[in-house]
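**Q** Residues in the sequence shown are numbered from 1 upward in steps of one, following full-length UniProt numbering. A virtual CB, placed ideally from N, CA and C, is assigned to each residue, including glycine. All values reported here derive from a predicted model rather than from experimental measurement. For reference, the structure I am asking about is given below.
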Amino acid sequence: MGKTASINICRGICGEECRFALFVEKGFDERIEKVITESGWPEFLNERYGGKVNPHKMFTVNGAACPNGCSRPHIADIGLIRSCVPVIDHEQCIACEECVRSCPDEAMEMVDGRVVITREKCLVCGICVRFCPTEVISCSRNGWRVLAGGRLGRHPRLGTELPGVFSSDEALTLVSKALRIWMDNYEEDKRFGWVMDRIGYEKLLED
């Protein structure tokens with residue numbers, strides 16, 4: 001049987017040293033493989049192509065331990081980006097502005113002596129949490145940003161980000177849902193993203 005999926009994860013998820021990586025539980029990459037195997041996708045694709053699966057037919061899942069996205073999650077069928085949603089304990093904050101200076105996305109600023117996070121700019125990377133000298137910034141939620149439908153080729157596009165930050169279990173459920181939707185709506189010579197553009201990405205969030 002031919003290989004039916006490509007899983008590309010960054011070294012931070014693998015547990016190797018990376019100064020930007022957020023914590024990812026050990027074995028997450030193996031859980032991705034298990035979800036794909038149990039979805040029925042390998043049998044589906046191998047049966048369709050007689051066990052001779054070309055690389056461009058494979059379902060791609062790319063995971064990154066931070067928004068820098070070294071594993072290119074934005075161009076995968078499903079992209080996973082580790083996230084930390086910051087929250088500030090304003091009663092304990094000393095207004096040193098270290099978080100403001102450290103934020104690479106200019107998502108933090110001082111307003112009337114108080115640090116304010118602009119959520120529209122924040123990439124939930126967790127850098128402000130690491131740089132806060134008094135540890136008054138913490139992660140209110142650890143999880144994954146999930147993107148779907150990214151691709152390269154003749155008509156490239158970045159993946160569509162689903163709203164919210166998802167737990168590891170929720171993110172893996174979305175991988176499983178994506179495969180079921182793709183098998184149910186499979187089109188020859190099309191990528192997963194083409195189908196999702198047609199039927200709507202909200203399908204991934206339906207029960």
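If I measure Cβ to Cβ from V195 and keep anything under 7 Å in the same chain, skipping five residues before and after, which residues do I get?
**A** Correct list, in chain order: W182, N185 and E187.
**Q** Measuring alpha carbon to alpha carbon, tell me which residue in E33, A65 and F192 is nearest A21.
**A** Checking every option, the nearest Cα to that of A21 belongs to A65.
**Q** Just mark G199 as buried or exposed, buried being the case when its beta carbon has 16 or more other beta carbons within 10 Å.
**A** Contrary to the premise, residue 199 reads as Ile rather than Gly in this sequence. Label assigned to I199: exposed.
**Q** Quick check on T173: does DSSP put it in helix, strand or coil?
**A** Looking at T173 - three-state DSSP - the assignment turns out to be helix.
**Q** For L172, is the classification buried or exposed, using 16 other Cβ atoms within 10 angstroms of its Cβ as the cut-off for buried?
**A** With 16 or more other Cβ atoms within 10 Å, it is buried.
**Q** With R82 and V24 assumed to form a contact (beta carbons below 8 Å), what rounded beta-carbon distance in angstroms separates them?
**A** Their Cβ separation, rounded to whole angstroms, is 6 Å, which keeps R82 and V24 in contact under 8 Å.
**Q** I need the boundaries of the alpha helix (DSSP H) containing G159, first residue and last residue.
**A** Segment: none, G159 is in no alpha helix (DSSP H) and carries neither H nor E.
**Q** Check whether the Cβ atoms of L147 and E161 lie closer than 7 Å to each other.
**A** Yes. Within cutoff.
**Q** Taking Cβ positions, are V116 and E109 nearer each other than 7 Å?
**A** Yes, Cβ-Cβ distance for V116 and E109 is below 7 Å.
**Q** I'd like the span of the alpha helix (DSSP H) that includes M196, first residue to last.
**A** F192 to I199 is the span of the alpha helix (DSSP H), which, as asked, contains M196.
**Q** With C-beta atoms as the reference, is V61 less than 7 Å away from I78?
**A** Going by C-beta atoms, V61 is nearer than 7 Å to I78.
**Q** Would you kindly work out how many angstroms separate the C-alpha atoms of S102 and R19, rounded to a whole number?
**A** Their backbone Cα atoms lie some 14 Å apart in a straight line.
**Q** If you follow the alpha helix (DSSP H) that L45 is part of, which residue opens it and which one closes it?
**A** W41 to R48 is the extent of the alpha helix (DSSP H) around L45.
**Q** From which residue to which residue does the beta strand (DSSP E) around S167 run?
**A** Unbroken run through S167: none, as it is neither H nor E.
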